[in-house]
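Following: one structure in structure tokens, then a few remarks.
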Amino acid sequence: MKNTLEPARTVTAVAGPSLALTKYWGKHCEGINRPATPSLGVTLSTFQSTACVTLTDGQPRITVNKVPQPLDRFQPFLDEATRVLGPRRFDAVCTNNFPTAAGLASSSSGFAALATAATALSGRFLTQAEISALARVGSGSAARAVYHGFTEFPAGAEYAEPLYGPDHWPDLRIVACLVDHGPKAVSSRQGMARVQATSPYFKRWVEDAEGLHREALAALAARDLAKLGDIMRLSYLRMFSTQFSASPPLVYWQPTSVQIIQHVDGLRRRGLGVWETMDAGPQVKLICLDTDTDAVIASLQDQIPSLQTVVTTVGNGPCVSTSPRD
Ligand code: PMV
Numbered sequence: 025m026k027n028t029l030e031p032a033r034t035v036t037a038v039a040g041p042s043l044a045l046t047k048y049w050g051k052h053c054e055g056i057n058r059p060a061t062p063s064l065g066v067t068l069s070t071f072q073s074t075a076c077v078t079l080t081d082g083q084p085r086i087t088v089n090k091v092p093q094p095l096d097r098f099q100p101f102l103d104e105a106t107r108v109l110g111p112r113r114f115d116a117v118c119t120n121n122f123p124t125a126a127g128l129a130s131s132s133s134g135f136a137a138l139a140t141a142a143t144a145l146s147g148r149f150l151t152q153a154e155i156s157a158l159a160r161v162g163s164g165s166a167a168r169a170v171y172h173g174f175t176e177f178p179a180g181a182e183y184a185e186p187l188y189g190p191d192h193w194p195d196l197r198i199v200a201c202l203v204d205h206g207p208k209a210v211s212s213r214q215g216m217a218r219v220q221a222t223s224p225y226f227k228r229w230v231e232d233a234e235g236l237h238r239e240a241l242a243a244l245a246a247r248d249l250a251k252l253g254d255i256m257r258l259s260y261l262r263m264f265s266t267q268f269s270a271s272p273p274l275v276y277w278q279p280t281s282v283q284i285i286q287h288v289d290g291l292r293r294r295g296l297g298v299w300e301t302m303d304a305g306p307q308v309k310l311i312c313l314d315t316d317t318d319a320v321i322a323s324l325q326d327q328i329p330s331l332q333t334v335v336t337t338v339g340n341g342p343c344v345s346t347s348p349r350d
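The sequence shown maps to residues 25 to 350 in the numbering used here.
Structure follows, in structure tokens:
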């Protein structure tokens with residue numbers, strides 16, 4: 025079967041970030057951004073990264089939120105795109121409708137949108153797994169964000185796999201608590217490298233992650249929020265244990281992050297079904313059911329009046345639009 029379609033002139037792809045319920049933290053010894061630990065992701069609605077790509081004959085130019093990007097950050101992705109999609113180069117204009125590089129997984133949605141758009145622009149046919157593998161070279165978590173719903177990225181894998189669509193858990197809500205809009209000082213890429221090189225607990229974290237992940241898969245299959253919430257907490261807190269024990273230590277948390285963690289703990293003790301997770305940044309993300317969301321937000325805002333919260337659902341995954349050729 026012919027696998028080359030007529031290349032389009034401009035393609036726009038929109039993708040939502042993949043929040044990790046169990047964490048990818050650390051690189052496998054082989055390949056680019058292959059994970060040392062398995063992760064379970066949920067693609068979010070509401071937060072969006074948009075990548076608009078156009079063919080060019082010159083040196084590719086990439087902007088994120090109008091800021092030109094140094095190409096060395098994108099070079100492995102561009103090289104992989106050339107390998108799997110062919111030699112045509114493209115310019116990319118990328119934007120995020122939420123804080124960038126602040127611990128809200130903007131690199132997952134950014135590279136998922138870029139890989140999806142570049143594939144459509146090239147006119148080549150790639151399977152979703154191949155698009156996932158391409159996105160992974162830009163950012164490991166992006167391998168998950170090319171799909172809708174819930175996804176799994178096994179340890180050592182080249183691509184993530186879809187598990188369930190958004191209809192598996194329509195009343196699940198993910199509440200992002202925006203503690204700080206600024207970019208983090210240490211990227212997750214740098215953070216992982218530092219932890220892997222210096223934390224005495226890294227090896228133990230990797231050994232432990234598989235069992236935790238398997239329990240999370242079972243809890244997700246059963247839509248058991250309390251079980252999934254408890255495992256999600258263990259996963260992020262064990263990940264942070266490797267960060268605190270790195271040299272020099274990595275501390276992404278801010279006082280407001282801790283205030284939210286403690287407040288959510290209190291809400292649970294009062295019977296509300298809400299659990300938190302964090303990534304490489306100060307933001308705290310909560311999972312709860314639709315029926316509890318208003319009470320959770322009202323209580324948090326009572327405690328921290330300046331706190332901005334964004335409610336999201338399980339997202340539909342990337343969508344693509346193509347402009348006709350002249
Ligand atoms: O894909 P990266 O390089 O942005 O790393 C993601 C790392 C975490 O967000 C902390 C965990 C994850 O699985 O998304």
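Glycine included, every Cβ here is placed at the ideal spot set by N, Cα and C. For clarity, every value in this text was computed on a predicted model and none was experimentally measured.
Next item on the list: Taking Ala-167 and Tyr-183 to be in contact with their CB atoms under 8 Å, please state how far apart those CB atoms are, rounded to whole angstroms.
Entry: Their Cβ separation, rounded to whole angstroms, is 6 Å, which keeps Ala-167 and Tyr-183 in contact under 8 Å.
Margin query: Under DSSP, the alpha helix (DSSP H) around Glu-231 begins and ends at which residues?
Written below: Per DSSP, the continuous alpha helix (DSSP H) segment holding Glu-231 begins and ends at 226-245.
Notebook entry, point to check: When DSSP labels each residue in this structure, what does Leu-258 get in the three-state scheme?
Noted result: Here Leu-258 sits in helix by DSSP.
Notebook entry, point to check: Is the Cβ-Cβ distance between Thr-36 and Thr-67 less than 8 Å?
Noted result: Taking 8 Å as the Cβ cut-off, Thr-36 and Thr-67 do not qualify as a contacting pair.
Check: Which whole-angstrom value describes the C-beta separation of Arg-197 and Thr-337, a residue pair presumed to lie in contact below a C-beta threshold of 8 Å?
Finding: Right, their Cβ atoms sit about 6 Å apart.
Check: How big is the Cα-Cα spacing for Ser-131 and Phe-114?
Finding: Roughly 19 Å separates the two Cα atoms.
Item checked: 8 Å Cβ cutoff met for Ala-39 and Leu-64 -> No.
Item checked: From Leu-291, Val-210, Arg-294, Leu-313, residue whose alpha carbon lies closest to that of Val-275 -> Relative to the Cα of Val-275, the nearest Cα in the group Leu-291, Val-210, Arg-294, Leu-313 belongs to Val-210.
Note to self: For a test of your reading of the model: does the CB of Tyr-225 fall under 7 Å from any non-hydrogen atom of the ligand PMV? Yes or no.
What the structure shows: Not so, every heavy atom of the ligand PMV lies at least 7 Å from the Cβ.
Next item on the list: Check each residue's C-beta against every heavy atom of the ligand PMV and list, in chain order, those closer than 6 Å.
Entry: That gives Ala-44, Lys-47, Tyr-48, Trp-49, Ser-63, Ala-129, Ser-131, Ser-132, Ser-163, Gly-164, Ser-165, Ser-212, Arg-213, Asp-303, Ala-304.
Checklist line | Beta-carbon proximity of Ala-126 to Gln-307, cut-off 8 Å | finding: Between Ala-126 and Gln-307, the C-beta spacing is below 8 Å.
Next item on the list: May I ask you to report which of helix, strand or coil DSSP gives Gly-134?
Entry: Correct three-state label for Gly-134: helix.
Notebook entry, point to check: Short check: CB of Ala-304 to CB of Ala-179, under 8 Å?
Noted result: Contact: no.
Next item on the list: Leaving aside the five residues before and after Trp-277 along the sequence, list all residues of the same chain whose C-beta is less than 7 Å from its C-beta, in chain order.
Entry: Pro-306.
Check: Where do the ends of the beta strand (DSSP E) carrying Pro-186 lie?
Finding: From DSSP, the beta strand (DSSP E) with Pro-186 extends over 185-188.
Note to self: In chain order, what are the residue ranges of uninterrupted beta strand (DSSP E) at least 3 long that sit wholly in the region 266-344?
What the structure shows: As far as the region 266-344 is concerned, its whole beta strand (DSSP E) runs of at least 3 residues are 298-302, 308-313, 332-336.
Check: Do you know how far the Cα of Arg-85 is from the Cα of Ala-243?
Finding: Taking the straight line from one Cα to the other gives about 44 Å.
Check: Gly-295 to Leu-138, Cα distance in whole Å?
Finding: Their backbone Cα atoms lie some 42 Å apart in a straight line.
Check: Leaving out the 5 sequence neighbours to the left and right, which residues in its chain are closer than 7 Å to Thr-80 when beta-carbon positions are compared?
Finding: Taken in chain order, the residues that qualify are Arg-113, Phe-114, Asp-115.
Next item on the list: Could you tell me which residues DSSP puts in a beta bridge with Cys-76?
Entry: Bridge partners of Cys-76: Thr-36, Val-117.
Checklist line | Span of the beta strand (DSSP E), counted from its first residue to its last, around Phe-174 | finding: Run containing Phe-174: 174-177, per the beta strand (DSSP E) assignment.
Item checked: Separation of Ala-319 from Val-77, as counted between CA atoms -> Their Cα atoms are separated by approximately 42 Å.
Check: Under 8 Å, do Val-108 and Leu-158 count as touching if we go by C-beta distance?
Finding: Yes, these two residues count as a Cβ contact at 8 Å.
Check: Under 8 Å, do Gly-297 and Leu-310 count as touching if we go by C-beta distance?
Finding: Taking 8 Å as the Cβ cut-off, Gly-297 and Leu-310 do not qualify as a contacting pair.
Check: Can you name the start and end residues of the alpha helix (DSSP H) that Ile-198 belongs to?
Finding: Counting along the chain, Ile-198 sits inside no alpha helix (DSSP H); it lies in the beta strand (DSSP E) bounded by residues 196-202.
Item checked: Three CB pairs or more closer than 8 Å across the region 47-54 and the region 214-230 -> Contact between the region 47-54 and the region 214-230 is present, because at least three Cβ pairs lie under 8 Å.
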